[in-house]
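*Asks:* I am attaching a structure below and will ask some questions about it afterwards.
2 protein chains.
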Amino acid sequence: MSFSRALFLLFPLLSLAFSHENLDTHLLPRPLIIEYTDKVETHLEESKEEEVILRCTSWRFSVEANNHNPWKTIPEECAEYVRDYITGRGYGMDLQRVSKEAADYAKSLELAGDGKDVWIFDIDETLLSNLPYYAHHGYGLEIFDPVEFDKWVDKAIAPPIEPSLELYKEVVGRGFKVFLLTGRSESRRKITVENLINAGFQDWDELILRSTDDHVKLATIFKSEKRGEMVKEGYRILGNSGDQWSDLLGASMSTRSFKLPNPMYYIP
Amino acid sequence: MSFSRALFLLFPLLSLAFSHENLDTHLLPRPLIIEYTDKVETHLEESKEEEVILRCTSWRFSVEANNHNPWKTIPEECAEYVRDYITGRGYGMDLQRVSKEAADYAKSLELAGDGKDVWIFDIDETLLSNLPYYAHHGYGLEIFDPVEFDKWVDKAIAPPIEPSLELYKEVVGRGFKVFLLTGRSESRRKITVENLINAGFQDWDELILRSTDDHVKLATIFKSEKRGEMVKEGYRILGNSGDQWSDLLGASMSTRSFKLPNPMYYIP
Numbered sequence: 001m002s003f004s005r006a007l008f009l010l011f012p013l014l015s016l017a018f019s020h021e022n023l024d025t026h027l028l029p030r031p032l033i034i035e036y037t038d039k040v041e042t043h044l045e046e047s048k049e050e051e052v053i054l055r056c057t058s059w060r061f062s063v064e065a066n067n068h069n070p071w072k073t074i075p076e077e078c079a080e081y082v083r084d085y086i087t088g089r090g091y092g093m094d095l096q097r098v099s100k101e102a103a104d105y106a107k108s109l110e111l112a113g114d115g116k117d118v119w120i121f122d123i124d125e126t127l128l129s130n131l132p133y134y135a136h137h138g139y140g141l142e143i144f145d146p147v148e149f150d151k152w153v154d155k156a157i158a159p160p161i162e163p164s165l166e167l168y169k170e171v172v173g174r175g176f177k178v179f180l181l182t183g184r185s186e187s188r189r190k191i192t193v194e195n196l197i198n199a200g201f202q203d204w205d206e207l208i209l210r211s212t213d214d215h216v217k218l219a220t221i222f223k224s225e226k227r228g229e230m231v232k233e234g235y236r237i238l239g240n241s242g243d244q245w246s247d248l249l250g251a252s253m254s255t256r257s258f259k260l261p262n263p264m265y266y267i268p
Numbered sequence: 269m270s271f272s273r274a275l276f277l278l279f280p281l282l283s284l285a286f287s288h289e290n291l292d293t294h295l296l297p298r299p300l301i302i303e304y305t306d307k308v309e310t311h312l313e314e315s316k317e318e319e320v321i322l323r324c325t326s327w328r329f330s331v332e333a334n335n336h337n338p339w340k341t342i343p344e345e346c347a348e349y350v351r352d353y354i355t356g357r358g359y360g361m362d363l364q365r366v367s368k369e370a371a372d373y374a375k376s377l378e379l380a381g382d383g384k385d386v387w388i389f390d391i392d393e394t395l396l397s398n399l400p401y402y403a404h405h406g407y408g409l410e411i412f413d414p415v416e417f418d419k420w421v422d423k424a425i426a427p428p429i430e431p432s433l434e435l436y437k438e439v440v441g442r443g444f445k446v447f448l449l450t451g452r453s454e455s456r457r458k459i460t461v462e463n464l465i466n467a468g469f470q471d472w473d474e475l476i477l478r479s480t481d482d483h484v485k486l487a488t489i490f491k492s493e494k495r496g497e498m499v500k501e502g503y504r505i506l507g508n509s510g511d512q513w514s515d516l517l518g519a520s521m522s523t524r525s526f527k528l529p530n531p532m533y534y535i536p
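Here is the structure:
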């Protein structure tokens, strides 16, 4: 058989080999198997990763829609997902979006001008960011440690959540009464004021913290009671911003509530 | 040259071609340039696509957390994202998750046994799926057309949302009074009953539709009023499942509410 004849016979085989990767297996089992295995593993890794992202996105939705509650830590398999969300662009984009939604709503309102129109803000993960703390505690992977957390709070260096600071200024500027309603203890009033001012917040009308009596209450109850007192005093609660559903739900709810994202922890 | 000799010479070329796809490029410059351009374009396409996915995920969360409202259609750039979510595994996974969360909660309750413990279900996109309709209307990209939609409703062929059917059976089986509270018109009672039964739902205690008087009311108001009547009659609303926040929020709210995903449309 001549070379050209051999080539002629090989050509269809050759072009087949170039155009249909999967067919090689029949011709050259060994190197092919290695390549095939690599690809399979990569594909498996990728689809495993996609599967985890799918599940963790679903988990995050159930958390943000308040279907999943209570919960103590983020699912272990979502550790990377949550970290990527928080440190990547997702969290920032969500914060900006909710701030814009709230600002658009605030701008659409005509205030009565009697000083009774109120906007409520929660503090932690709403006005102030504790990410420098949570970065060292797995972004919600570790069970909440109140002693360690209080040490962080006492430093009074929590940075502002910038989109919230923008909304805050907008709301203050439009003449809303601004009430800060936080689960922080009354014993942390001074340090909280110091931190808020350092972070650029000012001109709030009232800062409401938990008194000793309030400590046994669930956040939902404590905050509902405080909103109830506002309503009794004739205030109209038009807007409420918080990262926890316990900031927003319960009695004497605001006309509109704005849920900031927080896949790191849950407060009942 | 013998055939075996020709094969021997061809073998390195053949195995090179199989194992290092990219090396061919040195041999064949022209397609290489094209390939390079393709790659750059592919990367640009990919990062543009990632950007859209990021924005649309953010949009979806703002919808599901009720920050974004009202809205008439999905953002145009999210058409593909929403379709992929609905027809892919995301929507199904989210439906299963919320059904499980609700079932876990239902199982955790001890009913009084006086027949006054209630679970409320919305119908459209909660018990029955209108996906066959929305598949022909861009999954929320088109403005809602009530005339066309009613034609679909009148066919009475909407399939059940399977995870909701499971929850429904669980709740009925545990002895809850089941009230179906829907924005559908009273004129559609017969066809709705027919559809529900065809889809596997049975043994509900009451089916509440909108009367002529109710048509001017926002869904939130209509549903709040109906829940108010239940409470007046001594019922305890322990669970409420709906795909719209107007199913869940307002007065006489349920002890726990379960928000099913729905990025296709919004009802105030």
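Sequences listed follow chains A and B, in order.
Letter 200 of the first sequence, counting from 1, is numbered 200 in my numbering, and no numbers are missing.
Letter 243 of the second sequence, counting from 1, is numbered 511 in my numbering, and no numbers are missing.
Where a beta carbon is used, it is the ideal one built from N, C-alpha and C, also for glycine.
Every value quoted in this text rests on a predicted model; they were computed, and no experiment measured them.
1. Just grab the DSSP bridge partners of B:L433 for me.
2. I need the boundaries of the alpha helix (DSSP H) containing A:K151, first residue and last residue.
3. Might you give, ordered along the chain, the residues of its own chain that have their beta carbon closer than 8 angstroms to the beta carbon of B:E345, omitting 5 neighbours on each side?
4. Around the C-beta of B:I465, are 16 or more other C-beta atoms found within 10 angstroms, so that it is buried, or is it exposed?
5. Is there a Cβ of chain B sitting closer than 7 angstroms to that of A:F11, yes or no?
6. In whole angstroms, what is the alpha-carbon distance linking A:S129 and A:I161?
7. Which word fits A:T192, buried or exposed, when buried means at least 16 other C-beta atoms lie within 10 angstroms of its C-beta?
8. Please indicate yes or no: does the CB of A:F179 lie closer than 6 angstroms to some heavy atom of the ligand ADP?
9. Have a look at the DSSP bridge pairing and note the partners of A:R210.
10. Using only CA atoms, which one of A:T73, A:P159 and A:E166 lies nearest to A:E142?
11. Using beta carbons (cut-off 7 angstroms, strictly below), is B:S336 in contact with chain A?
12. Which residues in chain A sit within 8 angstroms of B:L527, going by Cβ to Cβ distance?
13. Should B:Q512 go down as buried or exposed, given a rule of 16 or more other Cβ atoms within 10 Å for buried?
14. For chain B, is any of its Cβ atoms less than 7 angstroms away from the one on A:F61?
15. Below 8 angstroms CB to CB, which residues in the same chain sit around A:E166 once its five sequence neighbours on both sides are set aside?
16. Taking only runs of the alpha helix (DSSP H) that begin and end inside the stretch 187-254 of chain A, which ones reach a length of at least 4 residues, in chain order?
17. Name, please, each residue of chain D whose Cβ falls closer than 9 angstroms to the Cβ of A:L165.
18. Can you look up B:R442 in the DSSP assignment and give me helix, strand or coil?
19. Contact check, B:P529 vs A:F61 under 8 angstroms by CB: the rounded distance?
20. Using a Cβ-Cβ distance under 7 angstroms, would A:R97 count as near chain B?
21. If we count the other Cβ atoms within 10 Å of its Cβ and call it buried at 16 or more, is A:G234 buried or exposed?
22. For B:R298, name the three-state secondary structure that DSSP assigns.
23. Could you tell me which of A:L109, A:D114, A:G115 and A:D84 sits nearest to A:L131, measuring between CA atoms?
24. Please tell me whether A:S58 has its Cβ less than 7 angstroms away from any Cβ of chain B.
25. Taking its Cβ as the centre, do 16 or more other Cβ atoms sit within 10 Å of B:T394, making it buried, or is it exposed?
26. Using a Cβ cut-off of 9 angstroms, pull out every chain B residue sitting near A:D145, in sequence order please.
27. State the Cα-Cα distance for the pair A:V172 and A:N66, rounded to the nearest angstrom.
28. In or out: B:D392 buried (at least 16 other Cβ within 10 Å) or exposed?
29. In whole angstroms, give me the CA-to-CA distance for B:G406 and A:S241.
30. Start and end of the beta strand (DSSP E) containing A:F259?
31. Using a Cβ-Cβ cutoff of less than 8 angstroms, which residues in the same chain neighbour B:E438 once the five nearest sequence positions on both sides are dropped?
32. Which residues in chain A have a C-beta closer than 8 angstroms to the C-beta of B:G408? List them in chain order.
33. Using 8 angstroms as the threshold, is the stretch 143-150 of chain A in touch with the stretch 198-213 of chain A, meaning 3 or more CB pairs across them?
34. In chain order, what residues of the same chain have a beta carbon less than 8 angstroms from the beta carbon of A:S211, not counting five sequence neighbours either side?
35. Quick one: using the 10 Å Cβ neighbour count with 16 as the cut-off for buried, is A:S257 buried or exposed?
36. What ranges does the alpha helix (DSSP H) occupy inside the stretch 64-141 of chain A, keeping only unbroken runs of at least 4 residues that lie completely in it?
*Replies:* In brief:
1. Bridge partners of B:L433: none, in fact.
2. P146 to V153
3. V320, R323 and C324
4. exposed
5. Reliability of the predicted coordinates at A:F11 is poor, the pLDDT of 41 falling under 50, and no value is obtained from them.
6. 6 angstroms
7. buried
8. Because no ligand of any kind appears in the structure shown, any question about the ligand ADP cannot be addressed here.
9. A:S185
10. A:T73
11. Residue identity differs from the one stated: residue 336 of chain B is His in this sequence, not Ser. So, interface residue.
12. Rather than Leu, the amino acid found at residue 527 of chain B in this sequence is Lys. Going along chain A in sequence order, the residues near B:K527 (Cβ under 8 angstroms) are A65, N66 and N67.
13. buried
14. yes
15. S99 and A103
16. 189-198, 219-232 and 245-248
17. As a matter of chain content, chain D is missing from the structure shown, whose protein chains are A and B.
18. coil
19. 7 angstroms
20. yes
21. exposed
22. Because B:R298 carries a pLDDT of 48, less than 50, the predicted location of this residue cannot be relied on, and the following value inherits that uncertainty. Helix at B:R298.
23. A:D84
24. yes
25. buried
26. Within 9 angstroms Cβ-Cβ: nothing; A:D145 doesn't reach chain B, min ~27 angstroms.
27. 29 angstroms
28. buried
29. 33 angstroms
30. For the sequence presented, residue 259 of chain A should be read as Lys rather than Phe. Note, A:K259: beta strand (DSSP E), R256 to K259.
31. A371, A374 and K375
32. Going along chain A, no residue has its Cβ under 8 angstroms from B:G408, so there is no contact; the nearest lies around 17 angstroms.
33. no
34. E186
35. buried
36. 79-87, 89-108 and 131-134
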